[in-house]
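To start, the structure under review is shown below, and the notes come after it.
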Amino acid sequence: MFYVIDRYGAVPQSAYAGLNYGTEGNDHDELEAALKGIVDAVVNKNSGTVTTAWHKGFTGYLDAYLGAEPTSFTYEGKQYSPRSFADKFLGINVKDYVQLTSFTHHPFGSWFAVEVPDNWTWGTSYNVPLEDMMATIDYALANGFTIAWATDVSEKGFSLNNGVAVWPAKKWSDMSAEEKNAVFTGPHEEAVVTQASRQAAFDNYETQDDHGMQIVGKVKYQSGASYYIVKNSWGPRKNAYREGYIYASEAFVRAKTISIMLHKDGLPKATKKAAGL
Numbered sequence: 009m010f011y012v013i014d015r016y017g018a019v020p021q022s023a024y025a026g027l028n029y030g031t032e033g034n035d036h037d038e039l040e041a042a043l044k045g046i047v048d049a050v051v052n053k054n055s056g057t058v059t060t061a062w063h064k065g066f067t068g069y070l071d072a073y074l075g076a077e078p079t080s081f082t083y084e085g086k087q088y089s090p091r092s093f094a095d096k097f098l099g100i101n102v103k104d105y106v107q108l109t110s111f112t113h114h115p116f117g118s119w120f121a122v123e124v125p126d127n128w129t130w131g132t133s134y135n136v137p138l139e140d141m142m143a144t145i146d147y148a149l150a151n152g153f154t155i156a157w158a159t160d161v162s163e164k165g166f167s168l169n170n171g172v173a174v175w176p177a178k179k180w181s182d183m184s185a186e187e188k189n190a191v192f193t194g195p196h197e198e199a200v201v202t203q204a205s206r207q208a209a210f211d212n213y214e215t216q217d218d219h220g221m222q223i224v225g226k227v228k229y230q231s232g233a234s235y236y237i238v239k240n241s242w243g244p245r246k247n248a249y250r251e252g253y254i255y256a257s258e259a260f261v262r263a264k265t266i267s268i269m270l271h272k273d274g275l276p277k278a279t280k281k282a283a284g285l
């Protein structure tokens with residue numbers, strides 16, 4: 009998102025709803041299939057070269073579904089361009105934000121592009137030990153900062169309907185139906201997540217980068233177990249606890265965090281200094 013804001017600016021939804029075919033929501037399946045068809049046809053042609061026309065055709069297809077991007081618009085009585093709206097109305101300095109991650113296939117203290125498909129811009133993250141990453145999350149929350157969270161929601165322990173994300177000590181395949189249901193009813197024994205175990209899950213593709221959410225707080229259950237309050241980006245869907253939010257256990261966050269992004273002032277002083285910020 010910040011890559012786009014930095015290069016192209018931003019617009020409010022009222023100026024660019026992206027709905028150009030009479031529905032209340034986007035038909036991403038149809039759009040993606042059509043765009044992939046265009047690209048596949050171009051790259052798989054037999055002549056060995058491509059023309060300059062394909063890009064205009066690709067852009068035209070996007071415009072047909074989403075509408076042409078606005079060059080100027082009025083918002084709250086003032087005229088903006090995408091660039092001026094980002095700079096003057098939003099006032100976001102993208103250089104004030106930093107990404108952190110924690111993996112051992114790159115040295116700690118280095119910057120690297122996490123090797124996941126969603127990182128198509130090859131944006132870099134600062135690599136820290138797992139305990140430092142978790143300490144950064146807690147420090148930021150305690151000092152009034154929220155955290156953008158890239159994570160894996162394909163796990164059985166992530167339940168939108170139950171409003172929780174947990175990482176049970178017992179393997180899901182070894183649980184009875186009763187045990188599977190029980191893990192969502194309150195704190196249960198969770199796995200001990202180490203630097204090595206989270207790395208192994210990343211290396212064997214068990215951990216995938218498939219969703220982004222926002223960590224906005226932390227709560228403690230009566231038993232003493234702590235959970236992070238996470239704002240989901242799937243709209244106001246109701247669950248067993250709170251509409252639009254889930255509660256993620258510490259074990260789940262330790263195991264399934266791909267990377268985090270936050271304002272640099274939300275970093276602990278030692279981490280901020282080490283990262284050269």
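This note's numbering puts the first residue of the sequence shown at 9, with every later residue one more than the last. Note that beta-carbon positions come from the ideal geometry of N, C-alpha and C, so glycine has one too.
Around the C-beta of P78, fewer than 16 other C-beta atoms lie within 10 Å, and the residue is accordingly described as exposed.
Between Q222 and K239, the beta carbon gap of about 4 Å places them in contact (Cβ cut-off 8 Å). Distance check between W62 and each of Y73, A72, L43 and S80 places L43 closest, using alpha-carbon atoms only.
According to DSSP, P176 shares a beta bridge with E198. F10 has its alpha-carbon roughly 15 Å from the corresponding atom of S92. In the structure shown, the three-state DSSP call for Y11 is helix. Judged by DSSP secondary structure, S205 falls within the alpha helix (DSSP H) whose first and last residues are Q203 to D211. For S22, the closest alpha carbon among the candidates T215, V201, G85 and T112 is that of G85. Counting only runs that start and end inside the segment 32–75, the alpha helix (DSSP H) elements of at least 4 residues fall at 36–51 and 61–74.
Here Y29 is exposed. Its C-beta has fewer than 16 other C-beta atoms within 10 Å. DSSP places T265 in the uninterrupted beta strand (DSSP E) bounded by T265 to H271.
The beta carbons of F260 and A177 sit no closer together than 9 Å. Judged by their CB atoms, R206 and K164 are not nearer to each other than the 9 Å cut-off.
Under DSSP, A156 takes part in a beta bridge, and its partners are Q222 and M269. Going by DSSP, T132 is part of the beta strand (DSSP E) stretching over T132 to N135. In this structure M142 is in contact with R262, their Cβ atoms being roughly 6 Å apart against a cut-off of 8 Å. In chain order, G75 place their CB closer than 8 Å to the CB of A25, counting only its own chain and leaving out the 5 sequence neighbours on each side. Using a Cβ distance threshold of 9 Å, V136 and G117 count as a contacting pair. The three-state reading of DSSP puts A23 in coil, since its state is none of H, G, I, E or B. Beyond the five residues adjoining it in sequence on each side, A233 comes within less than 6 Å, by CB distance, of P195 in the same chain, given in chain order.
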